[in-house]
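Peer 1: Right, I'll just put the structure down here and ask away after.
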Amino acid sequence: MAQMCCSALPPGLNPLRTRAEATSPSARRSSGLRVTAAAVEPGATVLVAGATGGVGQLLTAKLLDRGYKVKALSRNADKLQQLFGAADGLSPALADLRDASSLPAALEGVDAVVCCTGTTAFPSKRWDGGNNPEQTDYVSVRNLVHACPPSLKRFVLTTSAGVERSGKFPFAILNLFGVLKYKRMGEQELEASGLPYLILRPNRLTDGPYTSYDVNTLLRNTSGSRQDVTLSLHDDLMGEASRIAVAEAIVQSLALDFVEGRRYSIGSKEGDGPGRDPAKWSALFSSVKEPAAV
Numbered sequence: 004m005a006q007m008c009c010s011a012l013p014p015g016l017n018p019l020r021t022r023a024e025a026t027s028p029s030a031r032r033s034s035g036l037r038v039t040a041a042a043v044e045p046g047a048t049v050l051v052a053g054a055t056g057g058v059g060q061l062l063t064a065k066l067l068d069r070g071y072k073v074k075a076l077s078r079n080a081d082k083l084q085q086l087f088g089a090a091d092g093l094s095p096a097l098a099d100l101r102d103a104s105s106l107p108a109a110l111e112g113v114d115a116v117v118c119c120t121g122t123t124a125f126p127s128k129r130w131d132g133g134n135n136p137e138q139t140d141y142v143s144v145r146n147l148v149h150a151c152p153p154s155l156k157r158f159v160l161t162t163s164a165g166v167e168r169s170g171k172f173p174f175a176i177l178n179l180f181g182v183l184k185y186k187r188m189g190e191q192e193l194e195a196s197g198l199p200y201l202i203l204r205p206n207r208l209t210d211g212p213y214t215s216y217d218v219n220t221l222l223r224n225t226s227g228s229r230q231d232v233t234l235s236l237h238d239d240l241m242g243e244a245s246r247i248a249v250a251e252a253i254v255q256s257l258a259l260d261f262v263e264g265r266r267y268s269i270g271s272k273e274g275d276g277p278g279r280d281p282a283k284w285s286a287l288f289s290s291v292k293e294p295a296a297v
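Add 3 to the 1-based position in the sequence shown for our numbering, that's all there is to it.
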């Protein structure tokens, strides 16, 4: 049967190669094909890009605590070991997001990708070695998106409030060196990829980054009295967002298929908030609606 199917194809045409090409990022973009979203449940493997950063370290700890397996992507194995040690369910994925050729091996066997990389908006030592906004927020995101397998169930990207208001105060100041422009360009690469995605746009980040090298200690950090969460489907929030809340929102969103293809702005406010309750997070995400057409 298989031989008959193959013999019906034009000479030299490999059906397996054709299928792979059809689901490549470039083919998905040109054809308009979008992979169907699926919930990513505990037990799945999640690649975290930016695992040693402020949001990434909290996210990694939370994912491990909920029963996910985590591949922590980093250029620095020593930093991963120093921060997380030999945590159960954690494996290093050594790669450089700026080098596309280093990514396929890191993405093997992953069910979902979370990219929470970032750099400073203004020139600093963190820009050394080419870690400027263009390389970090656009080139690296583009490379990661293009390297993702067609079987990926979810790609979550954290960017920033203001990506669609970069010409307005106060975001115009923040964008003097292009950080918001490049973050938006990274979003657009993901939106056009055909991958099931969710974009989170936090307000100014608070709570951390932490220097604890113990995963259990990271899990005990709180946001004080500002534990409630505001979500919007528009780039219209101001204020701050707790890194703890952002990390929790990412974890909770993985199990929700209806958030696929959305861009949520996220902020923190006074109140108890949804905590770790999946039902409350599901209700919060689903309660955010587009305004009725006039």
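All C-beta atoms, glycine included, are put in the ideal place defined by N, C-alpha and C.
Owing to the predicted nature of the structure, the values given are computational and were not obtained by experimental measurement.
#1: Going by the DSSP bridge assignment, what does Lys74 pair with across the sheet?
#2: At what residues does the alpha helix (DSSP H) containing Leu3 begin and finish?
#3: In the DSSP assignment, find the unbroken beta strand (DSSP E) run with Lys82 in it and report its ends.
#4: Between Asp238, Ser143, Ser268 and Glu263, which lies nearest to Lys171 when the distance is taken from Cα to Cα?
#5: Quick one: what does DSSP say Thr209 is sitting in, helix, strand or coil?
#6: When DSSP labels each residue in this structure, what does Ser271 get in the three-state scheme?
#7: Check whether the Cβ atoms of Lys186 and Thr162 sit closer than 8 Å, and answer yes or no.
#8: Is it the case that the Cβ atoms of Gly56 and Thr123 are separated by a distance below 8 Å?
#9: With 16 other CB atoms within 10 Å as the buried threshold, where does Pro281 fall?
#10: Which residue marks the beginning of the alpha helix (DSSP H) containing Val117, and which one marks its end?
#11: Within 10 angstroms of its Cβ, does Asn79 collect 16 or more other Cβ (buried), or is it exposed?
#12: Flag this pair as yes or no: are the beta carbons of Phe180 and Pro126 separated by less than 8 Å?
#13: Taking the alpha helix (DSSP H) that Arg145 belongs to, which residues open and close that run?
#14: Measuring CA to CA, which of Ser235, Ala98, Ser285 and Leu257 is closest to Arg69?
#15: Under the assumption that Leu193 contacts Gly165 (Cβ atoms under 8 Å), give the Cβ distance between them as a whole number of angstroms.
#16: Please report the Cβ distance between Gly270 and Asn206, rounded to the nearest whole angstrom; I am assuming they are in contact, meaning their Cβ atoms lie under 8 Å.
#17: Contact check, Val232 vs Ala115 under 8 Å by CB: the rounded distance?
#18: Output yes or no for whether 8 Å exceeds the beta carbon distance between Leu50 and Ala109.
#19: Using three-state DSSP, classify Ala25 as helix, strand or coil.
#20: Go to Asp231, then tell me how far its beta strand (DSSP E) extends in each direction, as first and last residue.
#21: Could you tell me if Phe261 is buried or exposed, where buried requires 16 or more neighbouring beta carbons within 10 angstroms of its beta carbon?
#22: Taking the alpha-carbon positions, what's the Gln85 to Cys118 distance?
#23: Taking only three categories from DSSP, how would you classify Phe288?
Peer 2: Put simply:
#1: DSSP, once it has assigned bridges, lists Leu50 and Ser94 as partnering Lys74.
#2: The requested residue 3 is not part of the displayed model; the chain covers only 4 to 297.
#3: Unbroken run through Lys82 is the alpha helix (DSSP H), Ala80 to Phe87; no beta strand (DSSP E).
#4: Asp238
#5: strand
#6: Per DSSP, reduced to three states, the secondary structure at Ser271 is strand.
#7: Pairing Lys186 with Thr162 gives a Cβ-Cβ distance under 8 Å.
#8: Remark: C-beta atoms of Gly56 and Thr123 do not approach each other more closely than 8 Å.
#9: Exposure of Pro281 is indicated by the presence of fewer than 16 other C-beta atoms within 10 angstroms of its C-beta.
#10: Unbroken run through Val117 is the beta strand (DSSP E), Ala115 to Cys118; no alpha helix (DSSP H).
#11: exposed
#12: yes
#13: Ser143 to Ala150
#14: Leu257
#15: About 18 Å separates the two Cβ atoms, so there is no contact after all.
#16: 4 Å
#17: The Cβ separation is near 21 Å, so there is no contact.
#18: Taking 8 Å as the Cβ cut-off, Leu50 and Ala109 qualify as a contacting pair.
#19: For Ala25, the predicted model reports a pLDDT of 41, less than 50, meaning its position is unreliable; a value from the coordinates is still stated below. Of the three classes helix, strand and coil, the one that applies to Ala25 here is helix, per DSSP.
#20: Looking at the DSSP string, the run of the beta strand (DSSP E) that includes Asp231 is Asp231 to Ser235.
#21: exposed
#22: 21 Å
#23: helix
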